[in-house]
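Q:
In this note's numbering, the protein residues as written are 193 to 313.
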């Protein structure tokens with residue numbers, strides 16, 4: 193019985209980790225960033241990168257908006273977010289509100305701003 197419980201816990205834990213890691217990946221629409229599409233990809237085993245692949249502002253296409261973002265193990269991703277227009281870095285927390293909505297909270301000094309990106313289908 194003890195072995196069954198341990199196996200169930202391992203299975204549930206690995207399912208959650210895999211879902212968390214895979215759910216962040218994909219293309220996201222950032223309306224607040226000149227209607228840009230951000231491609232989120234995994235780098236190695238634990239880091240994530242976001243790159244602008246399309247935008248109404250052609251000068252920012254190809255720019256990296258975040259790099260080396262890492263899961264905190266609690267359903268959030270933590271790292272630096274860069275505004276490619278103003279070239280300002282802020283501390284950011286990324287969180288999936290649901291499967292298709294990514295919440296970003298950027299903080300710099302005592303300023304905080306929240307953005308929502310929508311998964312591109």
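From the three backbone atoms N, C-alpha and C, an ideal C-beta is built for every residue, glycine too.
(1) Helix, strand or coil for residue 215? Go by DSSP, reduced to three states.
(2) Report the three-state DSSP secondary structure of residue 277 (helix, strand or coil).
(3) For residue 299, collect the residues of the same chain with a Cβ closer than 7 angstroms to its Cβ; drop the 5 residues on either side in sequence, then sort them by chain order.
(4) What residue from 262, 245 and 261 has the CA that sits closest to residue 254's CA?
(5) In the DSSP assignment, find the unbroken beta strand (DSSP E) run with residue 228 in it and report its ends.
(6) Any idea if residue 267 is buried or exposed, counting beta-carbon neighbours within 10 angstroms, 16 or more meaning buried?
(7) Quick check on residue 262: does DSSP put it in helix, strand or coil?
A: Taking the geometry as given:
(1) helix
(2) coil
(3) 282 and 283
(4) 245
(5) 228–235
(6) exposed
(7) strand
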